[in-house]
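Our numbering puts the first residue of the sequence shown at 1169, with every later residue one more than the last.
Glycine is no exception: its CB is placed at the ideal position from the N, C-alpha and C atoms.
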Amino acid sequence: MAYLPALGVAPPPTQWGAKQIVTGTAHHLVYAVAGAWRLLTRSRPIRAGKGLFGW
């Protein structure tokens, strides 16, 4: 977010509207959830009869 205003591509976040803030937040939330999912599942295959967390 710091680079875009400096390049003249976008206004600083303090000038964003509500829609832009929600869109940016949702975008980052998707990446955060995907990253967490990958960390939780990458080296632990789900075995028959067990769920994701081994329950």
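When secondary structure is reduced to three states using DSSP, V1190 falls in the helix class. Look at G1203 here: in three-state DSSP terms it is helix. Taken through DSSP and simplified to helix, strand or coil, A1174 comes out as helix.
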